[in-house]
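Shown next, in structure tokens, is the structure this report addresses.
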Amino acid sequence: MATTEATSARVDSWLWAVRVFKSRSQATAAVKAGHVRVNGERAKPATGVKVGDRVVVRGGPAERILVVEKVLVKRVSAPLAAQAVIDQSPPPPPRELAVRVAVRERGAGRPTKRERRDLDRLRGRG
Numbered sequence: 001m002a003t004t005e006a007t008s009a010r011v012d013s014w015l016w017a018v019r020v021f022k023s024r025s026q027a028t029a030a031v032k033a034g035h036v037r038v039n040g041e042r043a044k045p046a047t048g049v050k051v052g053d054r055v056v057v058r059g060g061p062a063e064r065i066l067v068v069e070k071v072l073v074k075r076v077s078a079p080l081a082a083q084a085v086i087d088q089s090p091p092p093p094p095r096e097l098a099v100r101v102a103v104r105e106r107g108a109g110r111p112t113k114r115e116r117r118d119l120d121r122l123r124g125r126g
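Position 37 (the sequence shown) corresponds to 37 in the UniProt record's numbering; numbering is contiguous.
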């Protein structure tokens, strides 16, 4: 067994080691904020993960569903990190189904009352 592998690891450390978060402090903050679940239950930073556990990370454009393939306690190279996790996240929706956003020309100033009403109607508020 290599020095970077173990039978169990903290969830924040594992998320950092497999490169879901850029820093360990970001991973810890996400776990504390309730954005991470391990096997369906809300996790704390010291929650242990082992091989076969399902980790769900909310945040960003979509939810990520990860299955622990290898337990890592230290950050490793990207190819090794990719082997340590099975990503079961659903594919992102096609661009055609994305919500359209109203865009104003730069320097056009504030919208007029009529334009604000049109924007509210477009957004379903009025």
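Glycine included, C-beta positions come from ideal geometry on N, C-alpha and C.
N- and C-terminal bounds of the alpha helix (DSSP H) containing residue i
{"i": "R24", "result": "R24 to K32"}
8 angstroms CB neighbourhood of residue i in its chain, flanking five on each side removed
{"i": "A2", "result": "Because A2 sits at a pLDDT of 49, beneath the cut-off of 50, its placement in the model cannot be relied upon, and the following sentence gives the value as read from the coordinates. Here the set comprises nothing."}
{"i": "D53", "result": "V38, N39, V67 and V68"}
Three-state secondary structure assigned by DSSP to residue i
{"i": "R42", "result": "strand"}
{"i": "A9", "result": "strand"}
{"i": "D53", "result": "coil"}
{"i": "R19", "result": "coil"}
{"i": "R37", "result": "strand"}
{"i": "R64", "result": "strand"}
Residue i versus the options, residue with shortest Cα-Cα distance
{"i": "residue 128", "options": "V11, V18 and R10", "result": "Outside the shown range of the chain, which is 1 to 126, sits residue 128, and nothing can be said about it."}
{"i": "Q88", "options": "A46, A108, L72 and V67", "result": "V67"}
{"i": "P92", "options": "G126, I65 and D120", "result": "I65"}
{"i": "V99", "options": "G48, P61 and E115", "result": "P61"}
{"i": "T47", "options": "A9, G107, R104 and L72", "result": "A9"}
{"i": "R104", "options": "V38, R116, R125 and G40", "result": "R116"}
{"i": "P45", "options": "R24, P94, R114 and G109", "result": "R24"}
{"i": "V51", "options": "A84, G59 and K32", "result": "A84"}
{"i": "A6", "options": "G59, L72, L97 and E41", "result": "L72"}
Endpoints, the beta strand (DSSP E) within which residue i is located
{"i": "R104", "result": "Premise fails: R104 is in no beta strand (DSSP E) and is neither H nor E."}
{"i": "R110", "result": "Neither: R110 is in no beta strand (DSSP E) and is coded neither H nor E."}
{"i": "T85", "result": "Here residue 85 turns out to be Val, not Thr, going by the sequence shown. Unbroken beta strand (DSSP E) run through V85: V85 to D87."}
Contact set for residue i: own chain, Cβ-Cβ below 6 angstroms, skip 5 residues either direction
{"i": "L15", "result": "F21 and A27"}
{"i": "I86", "result": "V67 and E69"}
Integer Cβ distance of residue i from residue j, believed to fall under 8 angstroms
{"i": "A30", "j": "V36", "result": "6 angstroms"}
{"i": "V38", "j": "V49", "result": "6 angstroms"}
{"i": "P111", "j": "L122", "result": "The Cβ separation is near 12 angstroms, so there is no contact."}
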